[in-house]
Structures are given as structure tokens and as C-alpha cells.
Amino acid sequence: MQISARLRRTRGSEGVRKLVREATLTPADLVLPIFVSEVDEEVVEIGSMPGVYRWPIERVPEIVESAEAVGVGAILLFGIPEEKNPEGHQASAKDGIIQQAIRTIRNNGFKGVVITDVCLCEYTDHGHCGLVDQDGTILNDASLSRLAETAISHAEAGADIVAPSAMMDGQVAAIRTALDATGFINIPILSYSVKYASAYYGPFREAADGSPTFGDRRSHQMDPANGREAEREHEADVTEGADLIMVKPGLAYLDVVRRSREAFPAMPLVAYNVSGEYSMVKAAAANGWLDERAIVLETLFAFRRAGADLVITYHALDAARWLEEG
Numbered sequence: 183m184q185i186s187a188r189l190r191r192t193r194g195s196e197g198v199r200k201l202v203r204e205a206t207l208t209p210a211d212l213v214l215p216i217f218v219s220e221v222d223e224e225v226v227e228i229g230s231m232p233g234v235y236r237w238p239i240e241r242v243p244e245i246v247e248s249a250e251a252v253g254v255g256a257i258l259l260f261g262i263p264e265e266k267n268p269e270g271h272q273a274s275a276k277d278g279i280i281q282q283a284i285r286t287i288r289n290n291g292f293k294g295v296v297i298t299d300v301c302l303c304e305y306t307d308h309g310h311c312g313l314v315d316q317d318g319t320i321l322n323d324a325s326l327s328r329l330a331e332t333a334i335s336h337a338e339a340g341a342d343i344v345a346p347s348a349m350m351d352g353q354v355a356a357i358r359t360a361l362d363a364t365g366f367i368n369i370p371i372l373s374y375s376v377k378y379a380s381a382y383y384g385p386f387r388e389a390a391d392g393s394p395t396f397g398d399r400r401s402h403q404m405d406p407a408n409g410r411e412a413e414r415e416h417e418a419d420v421t422e423g424a425d426l427i428m429v430k431p432g433l434a435y436l437d438v439v440r441r442s443r444e445a446f447p448a449m450p451l452v453a454y455n456v457s458g459e460y461s462m463v464k465a466a467a468a469n470g471w472l473d474e475r476a477i478v479l480e481t482l483f484a485f486r487r488a489g490a491d492l493v494i495t496y497h498a499l500d501a502a503r504w505l506e507e508g
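All letters in the sequence shown, in the order written, are residues 183 to 508 by my numbering.
Shown next as C-alpha cells:
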């Protein structure tokens, strides 16, 4: 029998499979999110996210050192403040939780990349990503100066990259203008340019204590039914000065990751493997329904294959160890 193409030839051994592998995955491709808390005196495991913790400031260097030891590419800091108010003043305070955490990490000798989330939801008593009026309407333009002030305070504390996630129109331009005006012209902006109003964020809101006390976030985060709109969001942020762009969530939106890569081939593209995606894997693995190591690595390869340059993932420490083990 004449078979014109024997595609199994390049699958016959692990060595050959690696030789022709299209997508690559290394620890340096991963970003580890870290929750830094003012309200916890000890390290506290997050109930809905087994293996993920809230860290008091003085112990943050421990998790940072773990990430550095396995070669994770960067860390992404989220803050849980003790004090909240309608304006989210602690987001930009010089002694705010994130600002203290950055200085603590730097004073401990960490030379790696520190990314900071720039939003107001963890700092406002209403839990929304921007300022609100008496009727509960989110005030887009009034929120921009607060976001810009927050980004500046992070840069002053020693952040390498600021990552606005509030999904306010014009936020990237406001932050870029403010950073440049205060001498931080070389601080990149990683924009959460395509962030969907997703149910996959559930465990994160427990972790960060950032759930809205009323309403929801559908007025500013994207409709999960929309794909083409993602290009408009990316385009707006790139035009405003974004240096890296993101799709969040990642796993349920791999089509958007692929479209983003094709539409913006020159832009560094980040996918966020979000809390709900993480918790589903952990729950299934705990019940013996799947092989955790295999499914995590397959998922991360999927992000890379779809076109993501970097993957933000709560699996980062485990995945980095597994990759080094081979």
C-alpha cells in the first residue's frame, strides 16, 4: 500500500517530538499573581483556590523567592488593604499595601520583574473599578486621574510594569501621560485591554476581597458573546500607548487570543489563566478525575500555541517545577 504521508514518523520518540515541537513553554513565559494583605497577620490559604495564599507584607519575600528560584518570568501584585473608602485612597497612598510590598521586595534583594495591578476595586468600599456617583453609576472620566495617581505611586515604589485593569475608556492614555510627566517615561504599561465580564473570576473576588457591593461590571467589562470588539479594545489601548496587551480570561477565549495575535502581530500578548480556570483544575485533580500535571501543562501550551507570549497563571510555581523536571 502506498501511503503518501507518514506523519507518525516525527512522533516516534520524545527526542524527535521535541525537535519538531511548534510551541515552546519555559518558566520565563509565566507570571505569578501574588495577593498581599494588610488584613491577615499570617499566611492564609484561599478556600476556593487551594494552594494559593494571601501574604502579609513581611512574608511576601518568601513567595517571591520561591518564584525566583524556579525561574518564573515575573510576579503580579494585588493588594488587599485594611482601609477602604468611596474614592479608594489607599490605592495611591505612598504607604499603601502595594507600595509597601514593592519596597519590601526590593529591599530583600529581588531583581526580577514586578508588575502591579492598577485598579480601584480592592480599595473602594463599594467594590467597583472606578468612582461612582450617588446613583451608583461608574464615572469613567473622573476615575482616570485616580488610576493615573495609582500608577505613579507604583512606579515611585519600584514597579517595573504597571497593569491597568479597570476597563475605563482612556485609562492607558491618562496613565501614559501621567507617567511621562513625572519622569517615568520608561515604565511600560501592560493593559488589560480585553477583559470580559466573566463568571470565571469568582474565586479571585474571594481572594482579593473585591466583589461589588451592588450591581455588576458589565457596563465596562466586555460582553462574553463578543469577539470582534476585542480588536477595537486592543487598538484603542495600543494607540494610547500600551506596551503589552492582554486577553482575560484566557482558556474560554482562546479564539480571542488567536485573533489578537493575528491582528497585532508585533505587540507582546499576554493571556490570563484566571482563578476559575485554576480552581476547576484543582477540584477535578483533588477528586482524581484528571492528571493535574498533564492538564496544567497542556493548558499552558494551549495559550502559547494560540499566540500568547506570556501567561499569567496561579499554576506558575508548579508548572515551572514540572518543566524543569522534564
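All residues carry an ideal CB built from backbone N, CA and C; glycine is no exception.
Taking the beta strand (DSSP E) that residue i falls in, what are its first and last residues?
i	result
phenylalanine 292	Premise fails: phenylalanine 292 is in no beta strand (DSSP E) and is neither H nor E.
leucine 214	212-219
valine 493	492-495
If you draw a straight line from the alpha carbon of residue i to that of residue j, how long is it in whole angstroms?
i	j	result
isoleucine 279	methionine 404	29 Å
valine 221	arginine 236	9 Å
glycine 423	serine 380	26 Å
glutamate 269	aspartate 307	8 Å
aspartate 342	isoleucine 287	12 Å
leucine 372	alanine 283	19 Å
tyrosine 460	serine 186	43 Å
valine 218	arginine 441	34 Å
valine 478	valine 463	8 Å
arginine 503	phenylalanine 483	15 Å
proline 238	asparagine 289	16 Å
proline 447	glycine 489	9 Å
leucine 426	phenylalanine 260	19 Å
aspartate 351	glutamine 281	25 Å
valine 226	aspartate 362	38 Å
Leaving out the 5 sequence neighbours to the left and right, which residues in its chain are closer than 6 Å to residue i when beta-carbon positions are compared?
i	result
isoleucine 313	Correcting the residue type first, residue 313 is leucine in the shown sequence and not isoleucine. Result list for leucine 313: Leu321, Ala324 and Ser325, in chain order.
leucine 472	Ala466
alanine 273	Leu302, Tyr305 and Thr332
alanine 356	Leu326 and Ala330
valine 198	Thr192
arginine 485	Reading the sequence as shown, one finds phenylalanine at residue 485 and not arginine. Within the same chain, phenylalanine 485 has close Cβ partners Gly432, Ala453 and Val493.
leucine 189	none
aspartate 491	Pro450 and Leu451
Report yes if the C-beta distance between residue i and residue j is below 7 Å; otherwise report no.
i	j	result
valine 493	asparagine 455	yes
isoleucine 257	leucine 214	yes
glycine 409	valine 438	yes
proline 385	glycine 458	yes
leucine 451	arginine 443	yes
valine 354	aspartate 419	yes
serine 347	aspartate 299	yes
Could you please give the first and the last residue of the uninterrupted alpha helix (DSSP H) stretch that includes residue i?
i	result
aspartate 500	498-507
leucine 201	196-201
valine 478	474-488
serine 457	457-468
Only counting the same chain, and skipping five residues up and downstream in sequence, which positions put a Cβ closer than 8 Å to that of residue i?
i	result
threonine 206	Arg486
arginine 475	Asp500 and Trp504
Keeping to the same chain, check which residues put their C-beta closer than 7 Å to that of residue i; ignore five residues upstream and five downstream.
i	result
aspartate 500	Val478
lysine 293	none
glutamate 265	Gln272
**Prompt:** Fully enclosed by the stretch 318-406, which beta strand (DSSP E) runs are 3 residues long or longer?
**Reply:** For the stretch 318-406, the full-length beta strand (DSSP E) segments reaching 3 residues or more read 343-346 and 372-377 along the chain.
**Prompt:** In chain order, which alpha helix (DSSP H) runs of at least 4 residues are fully inside the stretch 239-307?
**Reply:** 242-251 and 279-289, all fully within the stretch 239-307.
**Prompt:** Unbroken alpha helix (DSSP H) runs of length 4 or more, entirely within the stretch 409-451: which are they?
**Reply:** Within the stretch 409-451, the complete alpha helix (DSSP H) runs of at least 4 residues are 411-422 and 436-445.
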